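Here's the structure, in structure tokens; my notes come after.
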Amino acid sequence: MEIHRTGTADIDRKKSNKKKRRRRAKSNADPSQETSQHRGEHTAQNSKRKKRKSGDGGCFPQKEFNCSAKTTASTEKQIQNGMHAEHTKPKQSVSKSSSLLDKMRARLSGGHFRMLNEKLYTCRGSEALELFQNDPSLFSVYHAGYQEQMSHWPQQPVDIIIKWLKDHSPSLVVADFGCGDAKLAKSVKNKVFSLDLVSCEPSVIACDMAHTPLISSSVDVAVFCLSLMGTDFPNYLKEAHRVLKPRGWLLVAEVKSRLDPGNGGADPNKFIKSLQSLGFSIVSKDFSNKMFMLFYFQKEKERTPEVKHIDWPKLKACLYKRR
């Protein structure tokens, strides 16, 4: 047994020495191979260590992953900023185009309003009625422009008239000549006949204001709020006299420049005198507002003899300048 073990040990030593000689021979023949092999083994060992440290089962090392996350976040932010800029530019462009289009529409609408306004001041009521009957949309264009102009006034004459009516009996029957959007009728409890060239509301009676369907002596208050527009405006006032009851009220609000003799307008005293000739008495007048004048008349109780000729003043057309 001892001999056998010794023999086996000698054989193992010989084999080991042979392997060592072979390695030396190979190393002497190709020194780079051992270095490469050594590097490969070193790399493999490092890789195994990194895998064990990361605990990811082969994922990127944590340091590299964090760096990548920062880069990705930064890139995403840049992309988002770029996308936001790309989206913002068209929106700004659309907004500018929209704003320009709105301005062009406003100018066009304003131009239509000024044209219609001038037409209404320089034609007879029957012509204006025909104009709007042929194209009712023009009435909407006109009143949109009118409302825009009125928005620049610090006080609206219709509001003063509404207050006057509220201070009097709600049983008074009212005729609103040139009612527009029928604001007066919507604001008081009185029975109101709203009259205008076009019926923009179900309650509005479309007619020539010189020839209304109202019964004679059926109305307590007749209102003209900036509506004495036509070259035949005296016929509107004659119609108001016809439909008013004895001692009925006539309320007239007019643009101040139309009754300003120092600025090419009519003399307000001559206007009052003409209405007195028609059968009205002046109760009061209010010239305190810088934009408009107010007149309060009453129909004479006794029937006055019809005057064949009344020297009516020529009211200056109220033309709006381009803003």
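Using my numbering, the first residue of the sequence shown is number 40, and each one after it goes up by one. The C-beta atom is built at its ideal place from N, Cα and C for all residues, glycine as well. Please read these numbers as outputs of a predicted model, since none were measured by experiment.
* Chain-order list of residues whose beta-carbon lies under 7 Å from that of Ser190 (same chain, five-residue window excluded) -> none
* Can you tell which of His151, Ser179 and Lys312 has the C-alpha that lies nearest to the C-alpha of Ser238? -> Ser179
* Kindly indicate which three-state DSSP category Gly164 falls into: helix, strand or coil? => helix
* **Residue from Trp351, Glu187, Glu166 and Ala261 whose Cα sits closest to the Cα of Leu298** => Trp351
* **Exposed unless 16 or more other CB atoms sit within 10 angstroms - verdict on Glu293** => Burial call: buried.
* Asked: What residues match up with Gln186 in a beta bridge as DSSP calls it?
  -> Gln186 has no beta-bridge partner at all, per DSSP.
* C-alpha distance - Ser316 paired with Gly164, whole-angstrom precision -> 22 Å
* Can you grab the Cα-Cα spacing for the pair Leu155 / Glu166, in whole Å? => 12 Å
* Is there contact between the stretch 246 to 263 and the stretch 295 to 314, where contact requires at least three CB pairs shorter than 8 Å? -> No, because fewer than three Cβ pairs between the stretch 246 to 263 and the stretch 295 to 314 fall closer than 8 Å, the two stretches do not touch.
* To do: Compute the distance between the beta-carbons of Phe232 and Ala214, then report whether it is under 7 Å.
  => It is a contact, given that the beta carbons lie within the stated cut-off.
* Integer-rounded CB distance, given that Ala221 should sit under 8 Å from Val243 -> 6 Å
* In whole angstroms, what is the alpha-carbon distance linking Lys205 and Glu240? -> 22 Å
* **Test item: CB-CB of Val227 and Phe263 under 7 Å** => no
* Asked: From Val197 to Leu358, what does the alpha carbon distance come to, in whole angstroms?
  -> 20 Å
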